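Chains as they are written, first to last, in the numbering used here: chain A, 8 to 365; chain B, 8 to 365; chain C, 8 to 365. Heads up, the beta-carbon is just placed ideally off N, CA and C, and yes, glycines get one too. Since this is a predicted model, take the numbers as computed values, not measurements. Encoded as structure tokens, the structure appears first; notes follow it.
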Amino acid sequence: MFLKDTWYVAAWSHEISATHPFSRTIIGQPVVFWRGENGEVVALPDRCPHRAAPLSKGRIEEGQIRCMYHGLKFSSSGACVQVPGMQHIPPAACLPALRVVERSNWVWIWMGDPALADPGLIPDTYWLDSPAWRYQPDYIHYDVNYLLIADNLLDFSHLPFLHETTLGGSAGYAESRALVERSDSGVRINRWFTDGPPAPFVKNLTGWSANVDRWNIYDFLVPGVLLMDSGSAPAGQGAQAGNRENAVQFRSAQAITPESEHSSHYFFSQAHDFAIDDPRVTAQLHGDVVAAFKEDWDMIHAQQRSLALDPDFKMMPLPVDNALGHFRWLMNKRIKAQQQRVVQAGAGLQSVSATVTA
Amino acid sequence: MFLKDTWYVAAWSHEISATHPFSRTIIGQPVVFWRGENGEVVALPDRCPHRAAPLSKGRIEEGQIRCMYHGLKFSSSGACVQVPGMQHIPPAACLPALRVVERSNWVWIWMGDPALADPGLIPDTYWLDSPAWRYQPDYIHYDVNYLLIADNLLDFSHLPFLHETTLGGSAGYAESRALVERSDSGVRINRWFTDGPPAPFVKNLTGWSANVDRWNIYDFLVPGVLLMDSGSAPAGQGAQAGNRENAVQFRSAQAITPESEHSSHYFFSQAHDFAIDDPRVTAQLHGDVVAAFKEDWDMIHAQQRSLALDPDFKMMPLPVDNALGHFRWLMNKRIKAQQQRVVQAGAGLQSVSATVTA
Amino acid sequence: MFLKDTWYVAAWSHEISATHPFSRTIIGQPVVFWRGENGEVVALPDRCPHRAAPLSKGRIEEGQIRCMYHGLKFSSSGACVQVPGMQHIPPAACLPALRVVERSNWVWIWMGDPALADPGLIPDTYWLDSPAWRYQPDYIHYDVNYLLIADNLLDFSHLPFLHETTLGGSAGYAESRALVERSDSGVRINRWFTDGPPAPFVKNLTGWSANVDRWNIYDFLVPGVLLMDSGSAPAGQGAQAGNRENAVQFRSAQAITPESEHSSHYFFSQAHDFAIDDPRVTAQLHGDVVAAFKEDWDMIHAQQRSLALDPDFKMMPLPVDNALGHFRWLMNKRIKAQQQRVVQAGAGLQSVSATVTA
Numbered sequence: 008m009f010l011k012d013t014w015y016v017a018a019w020s021h022e023i024s025a026t027h028p029f030s031r032t033i034i035g036q037p038v039v040f041w042r043g044e045n046g047e048v049v050a051l052p053d054r055c056p057h058r059a060a061p062l063s064k065g066r067i068e069e070g071q072i073r074c075m076y077h078g079l080k081f082s083s084s085g086a087c088v089q090v091p092g093m094q095h096i097p098p099a100a101c102l103p104a105l106r107v108v109e110r111s112n113w114v115w116i117w118m119g120d121p122a123l124a125d126p127g128l129i130p131d132t133y134w135l136d137s138p139a140w141r142y143q144p145d146y147i148h149y150d151v152n153y154l155l156i157a158d159n160l161l162d163f164s165h166l167p168f169l170h171e172t173t174l175g176g177s178a179g180y181a182e183s184r185a186l187v188e189r190s191d192s193g194v195r196i197n198r199w200f201t202d203g204p205p206a207p208f209v210k211n212l213t214g215w216s217a218n219v220d221r222w223n224i225y226d227f228l229v230p231g232v233l234l235m236d237s238g239s240a241p242a243g244q245g246a247q248a249g250n251r252e253n254a255v256q257f258r259s260a261q262a263i264t265p266e267s268e269h270s271s272h273y274f275f276s277q278a279h280d281f282a283i284d285d286p287r288v289t290a291q292l293h294g295d296v297v298a299a300f301k302e303d304w305d306m307i308h309a310q311q312r313s314l315a316l317d318p319d320f321k322m323m324p325l326p327v328d329n330a331l332g333h334f335r336w337l338m339n340k341r342i343k344a345q346q347q348r349v350v351q352a353g354a355g356l357q358s359v360s361a362t363v364t365a
Numbered sequence: 008m009f010l011k012d013t014w015y016v017a018a019w020s021h022e023i024s025a026t027h028p029f030s031r032t033i034i035g036q037p038v039v040f041w042r043g044e045n046g047e048v049v050a051l052p053d054r055c056p057h058r059a060a061p062l063s064k065g066r067i068e069e070g071q072i073r074c075m076y077h078g079l080k081f082s083s084s085g086a087c088v089q090v091p092g093m094q095h096i097p098p099a100a101c102l103p104a105l106r107v108v109e110r111s112n113w114v115w116i117w118m119g120d121p122a123l124a125d126p127g128l129i130p131d132t133y134w135l136d137s138p139a140w141r142y143q144p145d146y147i148h149y150d151v152n153y154l155l156i157a158d159n160l161l162d163f164s165h166l167p168f169l170h171e172t173t174l175g176g177s178a179g180y181a182e183s184r185a186l187v188e189r190s191d192s193g194v195r196i197n198r199w200f201t202d203g204p205p206a207p208f209v210k211n212l213t214g215w216s217a218n219v220d221r222w223n224i225y226d227f228l229v230p231g232v233l234l235m236d237s238g239s240a241p242a243g244q245g246a247q248a249g250n251r252e253n254a255v256q257f258r259s260a261q262a263i264t265p266e267s268e269h270s271s272h273y274f275f276s277q278a279h280d281f282a283i284d285d286p287r288v289t290a291q292l293h294g295d296v297v298a299a300f301k302e303d304w305d306m307i308h309a310q311q312r313s314l315a316l317d318p319d320f321k322m323m324p325l326p327v328d329n330a331l332g333h334f335r336w337l338m339n340k341r342i343k344a345q346q347q348r349v350v351q352a353g354a355g356l357q358s359v360s361a362t363v364t365a
Numbered sequence: 008m009f010l011k012d013t014w015y016v017a018a019w020s021h022e023i024s025a026t027h028p029f030s031r032t033i034i035g036q037p038v039v040f041w042r043g044e045n046g047e048v049v050a051l052p053d054r055c056p057h058r059a060a061p062l063s064k065g066r067i068e069e070g071q072i073r074c075m076y077h078g079l080k081f082s083s084s085g086a087c088v089q090v091p092g093m094q095h096i097p098p099a100a101c102l103p104a105l106r107v108v109e110r111s112n113w114v115w116i117w118m119g120d121p122a123l124a125d126p127g128l129i130p131d132t133y134w135l136d137s138p139a140w141r142y143q144p145d146y147i148h149y150d151v152n153y154l155l156i157a158d159n160l161l162d163f164s165h166l167p168f169l170h171e172t173t174l175g176g177s178a179g180y181a182e183s184r185a186l187v188e189r190s191d192s193g194v195r196i197n198r199w200f201t202d203g204p205p206a207p208f209v210k211n212l213t214g215w216s217a218n219v220d221r222w223n224i225y226d227f228l229v230p231g232v233l234l235m236d237s238g239s240a241p242a243g244q245g246a247q248a249g250n251r252e253n254a255v256q257f258r259s260a261q262a263i264t265p266e267s268e269h270s271s272h273y274f275f276s277q278a279h280d281f282a283i284d285d286p287r288v289t290a291q292l293h294g295d296v297v298a299a300f301k302e303d304w305d306m307i308h309a310q311q312r313s314l315a316l317d318p319d320f321k322m323m324p325l326p327v328d329n330a331l332g333h334f335r336w337l338m339n340k341r342i343k344a345q346q347q348r349v350v351q352a353g354a355g356l357q358s359v360s361a362t363v364t365a
């Protein structure tokens, strides 16, 4: 059971073109994306209503899409505008267009009730589209349930172990206390590790060897969006009190979107606001992040295989798991509320119907 | 549930030899084929009754087959003729031989009630064995249910879209009306597309650029056999009235045989009666057909994946689907009749048994 | 359902080191192995109790193992000795150590009730650790249920067919009668083939062409351990009466250990007591055995695929199957006894509990 009434990241802007349809399966439903005549992102179910051929194997014709199996053509609103050999187009040949919003290089999609699709709910990721920041957008495919990835992102105590030589650093980081604030839309995590050695990737960027004050402050929001302010400053200068002079600062935007119960999309970026005109810095930072995320990928797939061998395994909650506990609770609550709306809508229809037939 | 009481194409003649056993799974049952001492095709279940080892991993010995796990030997009629270390061969060690008929380069097999296996029911494919025609026999394996391939072959309106640059041609072809005659054994489809540009593969063969009258006249027969007269003649000379002067003519024989519920065998050939002494023509025609069938393969597998994601998907019938609708109905009817025969046979046995025990 | 209260071969000694954890799944349960500070083999469930990460992706630290996801550390007895960020370690963080015994180059493991784990039950394989014998230890992974491999090893009548050019030899071998003695722990099989041509692998080793007396005398013990005295001597010199002069003699130790219901571990060795200082002899003998075991692997996987296509297939018992019939019966008996013990233990607990709450 997936949360449908929420905004999911569906793609990076550059993945979607006006000439070639692009397919991605979101919470179990294949979706075809392309750009309409005004460059706007369009999304339809990636399944021709005739015989289920994927429209993504079709052809874009002047902002519309033609199924290249038997030739049915659809407008960007999902209206079927041509059926070869037929004068009258059956209403059942139309497809429900999906709500999409393109913002700061991310394409967001709403898979649930369109009446609830409020673009105001989309979190702000301004730095993905700001001249003050540089980053390399990237994507990894996971063959695991999205919650295992969320667990990983909600507890950075794994950094010094899993990412010892990349993002990690000294074991002391795991001892630092993360402040967790719960909210209705996720958690805010605030972790400072003061007067410790710089993380390997920070050393790579800066050459620093003296101790630093390091912070990771991030929101992790339903349905799986991580937005982070992180960085390191020379130890003791008062970074925690606000002095970020000589600091290296990062803005991270990451999003997990379920593909199926057993696979997930992972969009990520790590932006920097220093040396923004030096593409080597961007590339090196990106390379270090990718190396670390490969470590996550390996471990989370191993964890998934381990869980598959024992479906009765109960995870043992530790204090470091309080953020992920809240997030899982929040997802369940949202999904239950969604189910409740569906039941109520059904009851409402029934009540109307009772009136009509009375 | 498969139709068993029918003739399936099991192999091309050249696939079966007198020296090496050949295995192919037909409607879920592995079958081993070889040639007996008189060159006749022999077929037995490909499973030793002892411990289920495949006989196809065995050895042909003077027209008989020896299981190379523990050495049991079987005659071409399925009789077990040797069990190493035993004097008396248990009756349970014998295998039921399957009815096979080799005709015009195709090997047909009857998987159902042998009492119903009338070779007179095998359709005529004389041109597969005629000096007046040339072709290259071929085979493709599909990982889809056979009905999706049948659907494809029963509706040529996909030609100008899926096969735009191979078999297809102008979109007008899809607008031409196919005359469909239903029968108890399948459908006959008669489609003329007059005064249109030649199909790309016909252009390749002939160099023609002027318009042609093009026909596709074919029977599509239970359980999945397509036999087609097709061709193109200069437009307006009266091809539809019977004048095939200067025409290029083809005879196509294609057969779909289920391997399992999720996979299928596809045998095909496209014969020509012109330039029969020029192997380059045969090769070029074959190459163009294979290129087109690769397009079918890609689309049908994509369609299969799409359907797998939504088992509740209902196909939307269009007028172009009338032939495939009849074929699916006919297959269901035959399968129901087969089930009825099994039930009646059971009732007959019960009645006999009641008499005996009374 | 697996037999748990038994000793399984888990590994060759050389597979387990003091520096890198080693993972192997035994009867469905992943186990991590390493050597403790005194070189002893240690085995724990390969699954961190925190979030199920495999400990085998962790790090050995002074004879203890650290999970490299979130840093929990475990002693060789399974005690959790560190949880980063916590002072008090929850008791649930401990793991039950598994009983292991290293003997003659094999590591044995007991997956069931530790109270029953009597090392005295481990069969003697002294030649695996004797200066009088030479061999090359080896391992093959199978994707089949372990019983199909046991069947193979329990009936050598397949040698002249499946292994015609390797271990096999003349078809007469299959006609020789194997004497089968049943016991509570397995079967003893005694087969002599007198005055027959030497097996191909013996020819390779000795250059012999004259006839030999050949023997295969072996125990096949629960849960799947084959211990064999085999060899060939010049025909007629009285080898069967005890004269092994000029004979070539082998000691084979083989063990099947289920990995899952559908996959198995196969440990094997073929030791020789002649030319023990000539590594070419050891290598050649090993090469011939591996070639033959590849023939088994191919056939048993083919048999497994054949059985998968027809789950209702009933094997047809022949006289050659008497040993395997007893072994399958014995395994079932042991598994039932194990279930009975569990039920009784449950009843005992209930009775105690009734007393307490009364």
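Cβ distance (whole Å) where residue i is taken to contact residue j below 8 Å
i, j, result
"residue 64 of chain B", "residue 306 of chain C", "6 Å"
"residue 17 of chain A", "residue 115 of chain A", "7 Å"
"residue 149 of chain C", "residue 270 of chain C", "6 Å"
"residue 54 of chain B", "residue 239 of chain C", "Wrong, their Cβ atoms sit about 35 Å apart, outside the cutoff."
Any C-beta of chain A under 8 Å from that of residue i
i, result
"residue 61 of chain C", "yes"
"residue 8 of chain B", "no"
"residue 209 of chain B", "no"
"residue 7 of chain B", "Residue 7 of chain B falls outside the range modelled here, since chain B spans only 8 to 365, and no answer is possible."
Buried versus exposed, by CB contacts within 10 Å (16 or more), residue i
i, result
"residue 8 of chain A", "exposed"
"residue 340 of chain B", "exposed"
"residue 68 of chain A", "exposed"
"residue 44 of chain A", "exposed"
"residue 347 of chain B", "exposed"
"residue 287 of chain B", "exposed"
"residue 284 of chain B", "exposed"
"residue 174 of chain A", "buried"
Beta-carbon contacts of residue i that lie in its chain and below 7 Å, excluding the five residues immediately before and after
i, result
"residue 177 of chain A", "167, 203 and 204"
"residue 48 of chain A", "23, 40, 42, 107, 109 and 114"
"residue 112 of chain B", "19, 20, 135, 136 and 144"
C-beta neighbour in chain C for residue i, strict 8 Å
i, result
"residue 309 of chain A", "yes"
"residue 202 of chain A", "no"
"residue 316 of chain A", "yes"
Neighbouring residues, chain E, relative to residue i (Cβ below 9 Å)
i, result
"residue 99 of chain B", "Protein chains in the displayed structure are A, B and C, and chain E is not among them."
Residue i beta carbon near the ligand NAP (any heavy atom closer than 7 Å)
i, result
"residue 179 of chain B", "Inclusion of the ligand NAP in the displayed structure is not the case, the ligand content being empty and no account of it being possible."
Residue i at chain B interface by Cβ criterion, 8 Å
i, result
"residue 27 of chain A", "no"
"residue 272 of chain A", "no"
"residue 90 of chain A", "yes"
Other residues of its chain near residue i: CB distance less than 6 Å, five sequence neighbours each side excluded
i, result
"residue 10 of chain C", "230, 341 and 342"
"residue 272 of chain A", "264 and 266"
Legend entry - Inside the segment 58-116 of chain C only - alpha helix (DSSP H) runs reaching at least 4 residues: none
Legend entry - Segments assigned beta strand (DSSP E), at least 3 residues, entirely inside the segment 113-156 of chain A: 113-117 and 145-149
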